[in-house]
Amino acid sequence: MEYFKSSLKSVLGTAPAGTQPTGADTVERLVDRLQSSTLLDDRRDACRALKAFSRTYRVEVGAQGMDALRQVLEMDRTDCEIIGLALDTLCNITNPEAFDEELDNHGSKNQIGEQFTEIFIKNSDSVGLVLTFLEEFDFRVRWPALKLLMNLLANRSKDIQEIILVSPMGVSKLMDLLSDSREVIRNDVLLLLIQLTKGNANIQKIVAFENAFDRIFDVIEQEGNADGGIVVEDCLLLMLNLLRGNFSNQNFFKEGSYIQKLTPMFQIPNETEDNNLGNGWSPQKVSNVHCMVQVVRALVAPSAPAQAVAACQRIMRACELLQALCDILMASGVPADVLTETINTVAEVIRGNTSNQEFLAGVMAPSIPPRPAIVVLLMSMVNEKQPFVLRCSVLYCFQCFLYKNEVGQMQLIQTLLPQGNEAPSLTTGQLLCGGLFSTDSVSNWFSAVALSHALIENSQKEQLLRVLLATNIGKPPVTLMQQCVMLLQQGNKTQCKLGLLILLCRWISYCPLAVKSFLAIESSVAYLMALLSSQENNDDLQEILLQSMCALLIGICVHFNDNSVPTYTKEKMCNLIENRIGFEKFQDAIGGIARHEIYSRTLKHPQSSAKNPSELLLDYEFCRLLKSLEGVIIKSVIDVNNEHQNKNQLSVMNLPDNILVTQYKDLIRDQDTQIQKLNQANNCLTKEKQDLEAQIEDLRSTVSHLRDQNLVLRAAQANIGDGKETITSSNNLDLEKELQTYKIMVADLENRLAEYTYIVQQHNEKNKENRESELEYQLKLKTDELEKLKKDQEDLLELMTDQDNKITLYRERLIELGDKVESDESSGELDTDDQPESSN
1 MEYFKSSLKS VLGTAPAGTQ PTGADTVERL VDRLQSSTLL DDRRDACRAL KAFSRTYRVE
61 VGAQGMDALR QVLEMDRTDC EIIGLALDTL CNITNPEAFD EELDNHGSKN QIGEQFTEIF
121 IKNSDSVGLV LTFLEEFDFR VRWPALKLLM NLLANRSKDI QEIILVSPMG VSKLMDLLSD
181 SREVIRNDVL LLLIQLTKGN ANIQKIVAFE NAFDRIFDVI EQEGNADGGI VVEDCLLLML
241 NLLRGNFSNQ NFFKEGSYIQ KLTPMFQIPN ETEDNNLGNG WSPQKVSNVH CMVQVVRALV
301 APSAPAQAVA ACQRIMRACE LLQALCDILM ASGVPADVLT ETINTVAEVI RGNTSNQEFL
361 AGVMAPSIPP RPAIVVLLMS MVNEKQPFVL RCSVLYCFQC FLYKNEVGQM QLIQTLLPQG
421 NEAPSLTTGQ LLCGGLFSTD SVSNWFSAVA LSHALIENSQ KEQLLRVLLA TNIGKPPVTL
481 MQQCVMLLQQ GNKTQCKLGL LILLCRWISY CPLAVKSFLA IESSVAYLMA LLSSQENNDD
541 LQEILLQSMC ALLIGICVHF NDNSVPTYTK EKMCNLIENR IGFEKFQDAI GGIARHEIYS
601 RTLKHPQSSA KNPSELLLDY EFCRLLKSLE GVIIKSVIDV NNEHQNKNQL SVMNLPDNIL
661 VTQYKDLIRD QDTQIQKLNQ ANNCLTKEKQ DLEAQIEDLR STVSHLRDQN LVLRAAQANI
721 GDGKETITSS NNLDLEKELQ TYKIMVADLE NRLAEYTYIV QQHNEKNKEN RESELEYQLK
781 LKTDELEKLK KDQEDLLELM TDQDNKITLY RERLIELGDK VESDESSGEL DTDDQPESSN
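Residue numbers (full-length UniProt numbering): 1 to 840.
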């Protein structure tokens, strides 16, 4: 420390006796020395001192020395020592984290590094200047230049990305550092590239075409693949940045035969029975495998182009990567989180690929007796003791196994149908039925949703109607649909009901025979109607979804109804909807599902995003079904209703003439009464509106008058103030009293003005705007209704005229045919009882 102090004195010179220079003074003298010294040694010493001060006095060094340090980078680039010192100083200035030294002296100062970064990069050549120092092999220059770029990137990511993107050979200079034999530089450039490639597709493409994948795989192999250290994880994170969402890089990865290089990384030796608790899996190995499976999933993500995904899936099967993943599934001692992610990865490798789905169907678990891997997975799904995320991953894997897999769907349904004399064995159908009738609501939901995926786009719906269940000994078996409806009615857990409704909606949609079976079950429709018309728990999300899904199921029963159940034809179902629910509420209920955030979140990805059991409500394929049927169902219900109304109108037109005329007379009489009431209400509302406007106008006049008085008093006060200086001292006291009086009057008037202004504002805001708009709205409604009633009356009068003309015509024909017609009937006039008495 004494040596440092003596060196500092030689640089700064000796301070005058009795004075203690401040940190800012010292930094100012050092910066001046750095800029003005002609000897390189002096500049080097000043730069070394600034570096020492930059941690404690970061603000002072950055504010005063930024230009001087940049000047050093430009002018002294041939001297590695001073360049290294300048770069180190800039690293300290731009560090995104606070140093302990500056916290002790200045307290916490947020975003100082970011502010200095913004100043540094205002000169467009600064970053390019730092990039040139990466070409210098000297460790004293290359490493601080790399660290400075990391700080700049951490502080201003988007800006630095754009600067490096347009810098000549900027990315190439960074990629060359991956071949540096010094591990600290290689590892730091990996971290820099991870940050640099985030969210920038153009940089990702350039990095990929700079042989990034070859270099990454070389480093991973050198470090020991999955058993390597954190460097392997960094390599995989960089690879993941280059592949995720970048279809160009994915194609390059596939065409470059890099998928085949992933297989050795997944060939992990099986743990022995002594390590069945996962002791052979270090935390770093777990992290590495997590990143490895994420890389695989990036290549076969459902959101990627279907053809590209299919090509990657074929290669993964051919290079035995799928085999290696299945080996991890069936291995002992695999940690639960690794197993969960591996299941998700297998799911997407087989999704929609028949060959890969068949491969998984043939995988056997090393159990006694051996069981299919799918059966073992489903056993975990319906076991409530297993971790929730693991159970979700199994559901996703099973859904992917059934996706566009007609053979797999058919085989699942076959396991539910009566079997021959084969040896009994645990099947997927039995497991799903067991989960469906379990006391665990999560198992109910999982099983119902899994079974619904066996009914997507195939003819197995009618086959599933044949499934019989022996629920009670000595009683006849019931169908699976009857059992589902019974569970729906008797269950007390909303989550279980949601799962059953998902299954039923999928089952009976596009299948009239299934609709017939559902409608034939006693109280099935009555229960849905009662649940939908209920007004309880309207604030609970699960209850809202339950009502909306009931509305959807009712709508499906209307749209796919073949009228084979006499009590529940399309027309009668629509009558029930209108009488028990109302068409508006019914339509709002069906659309209610799509208005919730959980609907849009579920539609984003086929895999469930639920983090805990309470979030397990909707299914991806169900949301797609709702999206396709919502408009169709509403239109179908409206069409049936319109057809029913047209029939009613035709039936009215076919009534006998005298009955029809009587109905019209009664209707016109009621409408006249209603019109009179509306006119009276309209007059009252209009008068109330006029009174209110008059009151508001009076208040405005009063406020205006007070404002004028206030201006006069203020002017008087100002005049008194101006003349006060010229009045003799004998009158000062009187004028002071008079001025005080005026001030009191002004204050009083200002208070009154404020009160009146507040009253006017209240009237304007509440009475005028709200009441007037309400009156105008009611007036408009009443006027519209009046106009409508007048139009209806005119239409009815025209109709009566037409009817009278027809009656006259019919009577004339009767007379022509020789029938006897009474004179009062042939006259077409009112009955004699209705005519006034003669005055004679």
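We put the beta carbon where it would ideally sit given N, CA and C, even for glycine.
Approximately 6 angstroms separates the beta-carbon atoms of L240 and C291; this is inside 8 angstroms, confirming the contact. With 16 or more neighbouring CB atoms inside 10 Å of its own CB, I350 falls in the buried class.
Judged by DSSP secondary structure, D45 falls within the alpha helix (DSSP H) whose first and last residues are 40 to 53. For Q357, the enclosing alpha helix (DSSP H) stretches over residues 354 to 362. One thing to note: S452 has its Cβ within 8 angstroms of the Cβ of L503. Counted as a single uninterrupted DSSP element, the stretch harbouring K611 is not any alpha helix (DSSP H), since DSSP gives it neither H nor E. For T340, the CB contacts under 7 angstroms within the same chain, skipping 5 residues up- and downstream, are V389, L390, S393 in chain order.
Counting only residues of its own chain and dropping the five nearest sequence neighbours on each side, G555 has a CB closer than 8 angstroms to the CB of F586, I590, L629, I633, I634, S636, V637. For C574, the CB contacts under 8 angstroms within the same chain, skipping 5 residues up- and downstream, are V558, V637, V640, N641, H644 in chain order. T263 places its beta carbon 8 angstroms or farther from that of E348. With respect to the 8 angstroms criterion, W445 and L616 are classified as neighbours on the basis of their beta carbons. Comparing alpha-carbon positions, the option among E384, S172, E584 lying closest to L193 turns out to be S172. By the criterion of a C-beta distance shorter than 7 angstroms, K404 is surrounded in its chain by G352, once the five residues flanking it on both sides are discounted. For Q357, the closest of I368, I374, T342, P370 by C-alpha to C-alpha distance is I374.
Counting of Cβ neighbours within 10 angstroms places F53 among the buried residues, the total reaching 16 or more.
Residue pairing by DSSP puts R371 in a beta bridge opposite A365. Distance from the CA atom of L426 to the CA atom of A208, rounded to whole angstroms, is 49 angstroms. DSSP places V334 outside both helix and strand once states are collapsed to three, so it counts as coil. Between V565 and I521, the beta carbon gap of about 10 angstroms keeps them out of contact (Cβ cut-off 8 angstroms).
Counting along the chain, the unbroken alpha helix (DSSP H) around Y527 starts and ends at 524 to 533. From the listed residues W507, E571, A145, the smallest Cα separation to F622 is found for W507. Q419 and A311 have their C-alpha atoms roughly 39 angstroms apart.
Within the DSSP secondary-structure output, V478 pairs in a beta bridge with L469. Between the region 85 to 101 and the region 158 to 168 there are fewer than three inter-stretch CB-CB distances shorter than 8 angstroms, so the stretches are not counted as touching. Across the structure, E812 and M800 are spaced so that their CA atoms are roughly 18 angstroms apart. Looking at the backbone, the Cα of S523 and that of F560 are separated by about 19 angstroms. Counting other Cβ atoms within 10 Å of its Cβ, F247 stays below 16 and is therefore classed as exposed.
The alpha carbon of Q313 has as its nearest neighbour, out of I328, V296, L432, the alpha carbon of V296. A Cβ-Cβ distance of about 5 angstroms is found for the pair L412 and A454, placing them in contact under the 8 angstroms criterion. Contact between the region 177 to 191 and the region 118 to 131 is absent: fewer than three C-beta pairs spanning the two stretches fall below 8 angstroms. Taking 8 angstroms as the cut-off, the Cβ atoms of I82 and D88 do not count as close. Between T197 and L238, the C-beta gap is smaller than 8 angstroms, which places the two residues in contact. The straight-line gap separating the alpha-carbon atoms of I328 and L603 is approximately 30 angstroms. Two segments are said to touch when three or more pairs of C-beta atoms, one from each, lie closer than 8 angstroms; by this definition the region 22 to 42 touches the region 62 to 70.
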